[in-house]
Structures are given as C-alpha cells and as structure tokens.
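Trainee: Numbering (my numbering), first residue to last: 268 to 444.
Where is the CB? At the ideal position from N, CA and C, for every residue including glycine.
The model shown is predicted, which means the values in this text are computed figures rather than measured ones.
I have a structure I would like to understand better, so I am pasting it below and will then ask my questions one at a time.
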C-alpha cells in the first residue's frame, strides 16, 4: 500500500545486512589491533638479530590504533558495549525509560552529525592544502579524517536504526559491571 514503510521482509533483510556490516567493522578493527603486537614483535626480533630496526613501526602502530578505534566504535555501539550510564533509564518505568532512551539516542545522533559536519570541513581543508603528518612514516592527513567521518557516519546510521526500531533500549542490552 502507498504510504507504508518497507515490507517486514525487506526491513528484516536490510537489518540483517546492517548487522553483517557492523560485524565486518568489528573484524577489521580486530585485525588492525592484532597487527600492532605482530609489528612490534617483528621489530624487536629484527633488532635483536642485528638486522636493524624498522623505523616506521611506532608510527604504523599509532595509525593502526587510531583506525582500529574509530572503525570499532560503531560496532561496539551496535553491540551495546559502549560506555553508558544506566542509572536513570534503569529506574524509570517502561514508557518513560523508552522515551529517555530515544532522547539520548537523538542527542547522540545530533553530536555524531555535528562531528561529521566539522570532519567534512577538516577533510576539505586537508585535501586543499595537502596536509601531511611528517614522521618516520609520512602520511597524508585526509585518510584519518575520512576514517573519522566514516566511523561517525556508521554510528549515526546505528542511532537512526535504534530510533526507528526501538532496538538498543536498556532492556535489550546486558548490564556490565
């Protein structure tokens, strides 16, 4: 019928694709974090074997930590493993708790969209001026800003899904102490 939202089958399919996309982000983040100790170990072994050191390892690890953190953030939000304070939503009755959760998600969405906006401006400037990070491993700045924008875009999508489906309410997420 006209005016109705997506059919339940299409909606279910899209949510399943979104879940897989988020799981993929978690995997990419984990692989980036796994690369850090491998790089450090290889560097230590080459130094102790008198083969010299790999001068760019510290920079590569720094870049990987940033990228892995940003790429993993939407996945953690999706799983409900992000930092949150559940005191007030936990003591409010059903509808009030759900309304507060929706308000929190809306505020988070506004913050994410604001960060995307300012990140886009920073990306434009970085491309315009060809900004670089000059270290042992020189890198253009724009890929880091692009990762930042992509991460906050994915978090925004997660928050939109939460607002649309009601998913991510306090009763949906396990308490971690």
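Taking residue 420 as part of the alpha helix (DSSP H), name the residues at either end of that continuous run.
Mentor: Unbroken alpha helix (DSSP H) run through residue 420: 409-432.
Trainee: With C-beta atoms as the reference, is residue 296 less than 9 Å away from residue 358?
Mentor: Going by C-beta atoms, residue 296 is not nearer than 9 Å to residue 358.
Trainee: Could you check whether residue 333 and residue 414 sit closer than 9 Å to each other, using their CB atoms as the reference points?
Mentor: Yes, the Cβ-Cβ distance between residue 414 and residue 333 is below 9 Å.
Trainee: Taking the continuous alpha helix (DSSP H) assigned at residue 378, which residues delimit it?
Mentor: Element bounds for residue 378: 361-396.
Trainee: Please state whether DSSP places residue 404 in a helix, a strand or coil.
Mentor: Residue 404: coil per DSSP, three-state reduction.
Trainee: Tell me the DSSP bridge mates of residue 337?
Mentor: In DSSP, residue 337 forms no bridge with anything.
Trainee: Do you know how far the Cα of residue 352 is from the Cα of residue 442?
Mentor: Note that residue 442 scores 41 on pLDDT, short of 50, meaning its location in the model is unreliable; the coordinates nonetheless yield the value given after this. Approximately 10 Å, taken between the alpha carbons.
Trainee: Once the 5 residues before and after residue 324 are set aside, which same chain residues still bring their CB inside 7 Å of it?
Mentor: Cβ within range, chain order: 306, 307 and 310.
Trainee: Let me check one thing: in DSSP terms, what residues is residue 399 bridge-paired to?
Mentor: According to DSSP, residue 399 bridges with 407.
Trainee: Thinking C-alpha only, which one of 430, 329, 425 and 376 is nearest residue 286?
Mentor: The shortest Cα separation from residue 286 among 430, 329, 425 and 376 belongs to 425.
Trainee: Can you tell me which of 294, 327 and 275 puts its alpha carbon nearest to the alpha carbon of residue 405?
Mentor: Of the candidates 294, 327 and 275, the one whose C-alpha sits nearest the C-alpha of residue 405 is 327.
Trainee: Relative to the C-alpha of residue 401, which residue among 316, 422, 330 and 434 is closest?
Mentor: Residue 330 is the option with its Cα nearest to residue 401.
Trainee: Measuring CA to CA, which of 410, 355 and 377 is closest to residue 392?
Mentor: Comparing Cα-Cα distances from residue 392 to each of 410, 355 and 377, the minimum goes to 410.
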